[in-house]
Amino acid sequence: MDPVFRYFERKAFGLGLRGRSTWLVLGVAVWMINRARRTDRLIYRTKIQPGDRFTITSSTPGSSAR
Numbered sequence: 031m032d033p034v035f036r037y038f039e040r041k042a043f044g045l046g047l048r049g050r051s052t053w054l055v056l057g058v059a060v061w062m063i064n065r066a067r068r069t070d071r072l073i074y075r076t077k078i079q080p081g082d083r084f085t086i087t088s089s090t091p092g093s094s095a096r
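Just so you know, we're using the numbering used here here: the sequence shown kicks off at 31 and counts up by one.
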């Protein structure tokens with residue numbers, strides 16, 4: 031499915047940059063769909079053994095997480 035989305039994205043942006051605003055909007059929409067579908071946002075990976083412990087902490091930017 032990704033090659034189909036990439037094809038439409040290229041075509042829509044190409045037509046949109048030539049002055050067809052509807053195609054530009056479609057290109058942006060397809061780009062956003064492709065962006066949302068990506069699963070390469072892996073930050074950390076490890077194997078967990080029995081007895082291992084780990085903590086996941088989240089904080090807002092600018093705050094001090096302790």
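By construction, the Cβ of each residue, glycine as well, lies at the ideal position given by its N, Cα and C atoms.
All values reported here derive from a predicted model rather than from experimental measurement.
Alpha helix (DSSP H) segment containing residue i, residue limits
i          : result
residue 38 : 32-47
residue 57 : 51-67
For residue i, the three-state DSSP class (helix, strand or coil)
i          : result
residue 92 : coil
Reference residue i; option with closest CA among the options
i          : options           : result
residue 32 : 60, 84, 54 and 82 : 60
residue 54 : 39, 76 and 74     : 39
Straight-line Cα distance separating residue j from residue i
i          : j          : result
residue 47 : residue 68 : 25 Å
residue 62 : residue 87 : 28 Å
residue 91 : residue 81 : 32 Å
Short Cβ contact (8 Å threshold) for residue i with residue j
i          : j          : result
residue 57 : residue 43 : yes
Residue i at chain D interface by Cβ criterion, 8 Å
i          : result
residue 63 : Judged by its chain identifiers, the structure shown contains no chain D, having just a single protein chain.
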